[in-house]
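Numbering (this note's numbering), first residue to last: -8 to 262. In what follows, a single structure is set out as structure tokens and then discussed.
Okay, structure coming up:
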């Protein structure tokens, strides 16, 4: 592991740790460990080591984008060791540092009470809630991201119509106009304005749009619950299509993901 990130946080007043073992040795009981690494294998690996090294009464938080089924299993596994566990869905992207993070918390009331002051500090006013038992936090975040897919797709389609119209519409102007009093104003629309301000035709962005998994999981859950979700299906399908062909709406989606989450964009070579 590179020592540079550790040195960077130490310069800001944090106590650095070179390994999970080192981290645990520097925490006073009851320890609280917040894990925020990529979902799947990396999260499983870190949680497994923590389970082996922590003590009864400690608390582990998975703040990543884990599948809620895995989070339910993690709750049971940590409970068997006497260790508290919370699954927290976190929204806010790269802007959370400035405006606070929205947090959806799943787990026991006892575990939530251990970190409530910290959640108050990290979130904006009314920006976190205990939404249910183990797995509920990541479940609510999963659906949140599914809704996000649909909203982004609607904006992308609308802006492509404007982009191709005969009127030479200024997309930055319209996006900022809609932010003032219109029915469709939103933070995503504000970010679209930022993207168009940077590159009015999004010519520097390749319309390649990955998906992090939650849209797929939400769609699968809708199938399991017999809930029709045509908007989510269409939005997810468009992301699949974006990896095969070029389209302006895909560029809008890629630009929005970059704006709110700092996600990488594929450059077109025209910049």
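The beta carbon of each residue, even a glycine, is placed where N, CA and C say it ideally should be. If you're wondering where the values come from, they're calculated on a predicted model, not measured in any experiment.
Quick one: Cα of residue i to Cα of residue j, how far?
i           : j           : result
residue 35  : residue 79  : 16 angstroms
residue 63  : residue 96  : 13 angstroms
residue 235 : residue 106 : 45 angstroms
residue 197 : residue 144 : 16 angstroms
residue 55  : residue 116 : 22 angstroms
residue 101 : residue 73  : 13 angstroms
residue 5   : residue 139 : 34 angstroms
residue 243 : residue 189 : 12 angstroms
residue 31  : residue 129 : 13 angstroms
residue 175 : residue 184 : 13 angstroms
residue 149 : residue 229 : 14 angstroms
residue 123 : residue 109 : 19 angstroms
residue 214 : residue 232 : 21 angstroms
residue 28  : residue 219 : 32 angstroms
residue 211 : residue 153 : 33 angstroms
residue 168 : residue 81  : 30 angstroms
residue 259 : residue 191 : 15 angstroms
residue 216 : residue 21  : 39 angstroms
residue 47  : residue 166 : 52 angstroms
residue 119 : residue 131 : 12 angstroms
residue 89  : residue 111 : 15 angstroms
residue 121 : residue 134 : 16 angstroms
residue 207 : residue 61  : 15 angstroms
residue 49  : residue 33  : 21 angstroms
residue 257 : residue 19  : 44 angstroms
residue 170 : residue 177 : 7 angstroms
residue 69  : residue 159 : 58 angstroms
residue -1  : residue 157 : 51 angstroms
residue 40  : residue -6  : 21 angstroms
residue 86  : residue 42  : 32 angstroms
With residue i and residue j assumed to form a contact (beta carbons below 8 angstroms), what rounded beta-carbon distance in angstroms separates them?
i           : j           : result
residue 76  : residue 66  : 5 angstroms
residue 26  : residue 38  : 6 angstroms
residue 240 : residue 151 : 4 angstroms
residue 195 : residue 247 : Contact flag wrong, Cβ pair sits at about 15 angstroms.
residue 44  : residue 12  : 6 angstroms
residue 84  : residue 252 : 4 angstroms
residue 182 : residue 250 : 4 angstroms
residue 245 : residue 200 : 5 angstroms
Suppose the cutoff is 8 angstroms on Cβ atoms and the five residues either side in sequence are ignored; what does the same chain contact list for residue i look like?
i           : result
residue 114 : 91, 92, 93 and 94
residue -3  : 7, 8 and 9
Give the secondary structure of residue i by DSSP, where H, G and I count as helix, E and B as strand, and everything else as coil.
i           : result
residue 46  : coil
residue 3   : coil
residue 75  : strand
residue 258 : strand
residue 202 : coil
residue 174 : coil
residue 28  : coil
residue 160 : coil
residue 214 : helix
residue 53  : strand
Using a beta-carbon distance below 9 angstroms, is residue i in contact with chain D?
i         : result
residue 1 : The displayed structure is made up of one protein chain only, and chain D is not part of it.
Go through its chain and collect everything with a Cβ distance to residue i's Cβ below 6 angstroms, but skip five positions before and after it.
i           : result
residue 172 : none
residue 125 : 63, 66, 97 and 98
residue 15  : 44
residue 53  : 26 and 78
residue 57  : 30, 34 and 129
By Cβ distance, which residues of its chain are closer than 7 angstroms to residue i, with the 5 residues on each side in sequence left out?
i           : result
residue 141 : 222, 223 and 226
residue 3   : none
residue 146 : 179, 180, 183 and 243
residue 202 : 227 and 230
residue 127 : 97
residue 161 : none
residue 315 : No answer is possible for residue 315: it lies beyond the span of the chain, which begins at -8 and ends at 262.
Item checked: Those runs of the beta strand (DSSP E) which lie wholly inside the stretch 77 to 150 and span at least 3 residues -> 93 to 97 and 119 to 123
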